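Step one of this worksheet: look at the structure below.
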Amino acid sequence: MRIAAHGLDLRFATRFAQGPIAWAVWIFFARYLADAWRGSDASLGHLANLGIFQLLAWMVTLVLVARGDETRRPSGLAASLIGLISLTAVLPDDNASWVGLSALAAYIFFSFPRDRNLRAAAAVMLALATQLFWGRILFELVAFRIEILDAKLAADLLSLLHHSVSLQDNLLATDTHQIVIYEACTSFHNISIAMLAWVAITKFFRPVWRSADLATAAVLIVVTVAMNSLRLFLMASSAPGLLDYWHVGLGSQMINASLSALITVTCLWSVRSGSAP
Amino acid sequence: MRYLAFFFIGLAGVGVALIQPDDQSPQAQRAAIRETMARHGYAASGRLDIGKALTIAKFSSPTCEDVRVLPVSILFQETALLRKSESADDDRAFFYINKAWKDDASNNVALSHLSQRFLQMIRLRPDPAIDTMLYIVSPKKCGVPQVDWSKFWGQRADI
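Here the protein sequences come in this chain order: A and B.
Heads up, the first sequence is in the numbering used here, so the first residue is 3 and it goes up one at a time.
Heads up, the second sequence is in the numbering used here, so the first residue is 13 and it goes up one at a time.
Structure, rendered in structure tokens:
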């Protein structure tokens, strides 16, 4: 019986050619997809709304783990530890998976200090967990202040272009209408996505960090804040009937697509040139 | 055997994710508020629109008229709008599960939500740590009504 089970396990391992770290990453990725499926009316069309940079980060993680030199015959202790970490994906609360993914990244950092690809994979895992869990915790503590800051930037832009505007916390009022800056409209939201893309794209092409990468991150932050302020400005300065156009309509999609393209091009340019733009 | 174990962990993770309840919709939240207020003797008495952004439900009872209740974000992002509907004769409070604040105590609420998040992870119950709190305003002469909101928080009332 034991021999049969062992044979089955060997066939399984050979077929998928995966070590325990890769298995754990697949487990967390499957949980992420299942949570997205459940939270999106369980339809394929809605699944297309998954963050493109989040999916990119998962793909990069899987590729980097496959490139890494994870031993195919890990010790029983290592496999058990990774198995225990993977069990967080079985907990009902989906946030537990992000804690588990962070723990897996920490394990890789400590256990594979010389494997550049695995360490790069760990960096992308941490970036994912930060964008979707740790960053949100931090954001809750400063969210309202960031909303006020974003509203102020848009108000300054309006004043600069001689529009009449008044500001009360995160409430921006023009002659014709008022808009309130909520969490999803803040630059922090987009910056966290830009940082995830930055880590994923940079690590995919170059597992080792360079000091110039910090300059790329700074450029991405400036670009993201500028684009967000532009969108808020357009929402506040356009006629009330056009508010939805810039908020949820085609205008909003054009700005999001432009921002995604700018983020991607900046990251690729930085990686290809070997220095920051 | 260990690789098969990983396979089954993944399968279990997907299964657990798919059987989790959906987040409470705004309609369900409003229904829970109406039901809870009715249980405490408050009848729905209209609504107050603040622009297109917010609609506050109004309730009244024989002892207290014009109690307003609204589920709001724990980030206090509606505060500027809500101020427009308040007067000097009003008492207001923000409720989050088993705690209440009179002012915009954003850090306290964030920490309370954080503790709920981590507590929820280690409880094997399918309730996410809700990121909505209740904003309740009532005339000073009757004070904020003492209401058991366990129906609104779902199973979380005993936390």
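Beta carbons are placed, not taken as given, at the ideal position from N, Cα and C, and that holds for glycine.
These figures come from a predicted structure and were not determined experimentally.
Suppose contacts are defined by Cβ-Cβ distances below 8 Å. Is residue i in contact with residue j by that definition?
i: V62 of chain A; j: F206 of chain A; result: yes
i: T218 of chain A; j: A196 of chain A; result: no
i: E77 of chain B; j: K163 of chain B; result: no
i: E149 of chain A; j: N172 of chain A; result: yes
i: A24 of chain B; j: A36 of chain A; result: no
i: H179 of chain A; j: E185 of chain A; result: no
i: A131 of chain A; j: S104 of chain A; result: yes
i: T176 of chain A; j: S166 of chain A; result: yes
i: I21 of chain B; j: L169 of chain A; result: no
i: R42 of chain B; j: A69 of chain B; result: yes
i: S194 of chain A; j: Q133 of chain A; result: yes
i: I257 of chain A; j: R233 of chain A; result: yes
i: S118 of chain B; j: L60 of chain B; result: no
i: S37 of chain B; j: Y54 of chain B; result: no
i: F114 of chain A; j: R121 of chain A; result: yes
With which residues is residue i paired in a DSSP beta bridge?
i: S72 of chain B; result: B:A55
i: I148 of chain B; result: B:V81, B:A105
i: L60 of chain B; result: B:I68
i: W113 of chain B; result: B:F106
i: I181 of chain A; result: A:L174
i: S168 of chain A; result: A:A175
Nearest to residue i by alpha carbon, out of the options?
i: S239 of chain A; options: A:A153, A:H191, A:T90; result: A:A153
i: A38 of chain A; options: B:H52, B:G27, B:K152, B:Q128; result: B:G27
i: V149 of chain B; options: B:S118, B:R104, B:S124; result: B:R104
i: D117 of chain A; options: A:I87, A:L151, A:V67; result: A:V67
i: I110 of chain A; options: A:R212, A:I87, A:L264, A:P94; result: A:I87
i: I139 of chain A; options: B:I62, B:I21, B:L87; result: B:L87
i: Q32 of chain B; options: A:F114, A:P22, A:P94, A:P242; result: A:P94
i: M229 of chain A; options: A:Q255, A:D96, A:L134, A:E72; result: A:Q255
i: P22 of chain A; options: B:Q39, B:Y15, B:Q41; result: B:Y15
i: R147 of chain A; options: B:I134, B:T75, B:E90, B:I142; result: B:E90
Thinking residue i and residue j are a contact (beta carbons under 8 Å), I'd like their distance in whole angstroms, please.
i: G70 of chain A; j: A123 of chain A; result: 6 Å
i: L198 of chain A; j: A108 of chain A; result: The pair is not a contact, with the Cβ atoms about 18 Å apart (cut-off 8 Å).
i: V156 of chain B; j: M49 of chain B; result: Contact doesn't hold; Cβ gap of about 13 Å is too wide.
i: G85 of chain A; j: A17 of chain B; result: 6 Å
i: A122 of chain B; j: L143 of chain A; result: 5 Å
i: K152 of chain B; j: D102 of chain B; result: 7 Å
i: V182 of chain A; j: A40 of chain B; result: About 24 Å separates the two Cβ atoms, so there is no contact after all.
Go through its chain and collect everything with a Cβ distance to residue i's Cβ below 7 Å, but skip five positions before and after it.
i: A91 of chain A; result: I29, F30, R33, S99, G102
i: V273 of chain A; result: I203, T204, F207, R208
i: V27 of chain A; result: T63, L64, V67
i: A50 of chain A; result: Because the pLDDT at A50 of chain A is just 49, under 50, the model does not fix this residue reliably, and the point stays unresolved.
i: P242 of chain A; result: T178, H179
i: R17 of chain A; result: At R17 of chain A, the pLDDT of 49 sits below 50, so the modelled position is not reliable and the matter cannot be decided from this model.
Quick one: what's got a C-beta closer than 6 Å to residue i's C-beta in the same chain, skipping five residues either side?
i: L155 of chain A; result: S231
i: V126 of chain A; result: A59, V62, T63, V201, A202, K205
i: L144 of chain B; result: The sequence shown places Thr at residue 144 of chain B, rather than the Leu named in the question. Closer than 6 Å at the Cβ level, and outside the excluded window around T144 of chain B, lie P83.
i: A278 of chain A; result: Because A278 of chain A carries a pLDDT of 44, less than 50, the predicted location of this residue cannot be relied on, and the following value inherits that uncertainty. Taken in chain order, the residues that qualify are A214, A217, T218, S272.
i: D170 of chain B; result: The pLDDT assigned to D170 of chain B is 40, lower than 50, so where the model puts this residue is not dependable; a value taken from the coordinates is nonetheless given after this. For D170 of chain B, where only same-chain residues beyond five positions count, there are no Cβ hits under 6 Å.
i: A44 of chain A; result: For A44 of chain A, the pLDDT reaches just 48, beneath the cut-off of 50, and the residue's location in the model is therefore unreliable, although a value from the coordinates is still provided. No residues qualify anywhere along the chain.
Can you list, in chain order, the residues of its chain with a C-beta nearer than 8 Å to that of residue i? Leave out the 5 residues immediately preceding and following it.
i: L146 of chain B; result: I45, V81, L82, P83, V84, F106, F107, Y108, W161, F164
i: C269 of chain A; result: A199, W200, I203, T204, T218, L222
i: L244 of chain A; result: G253
i: F19 of chain B; result: none
i: I62 of chain B; result: I68, L93, L94, K96, S97
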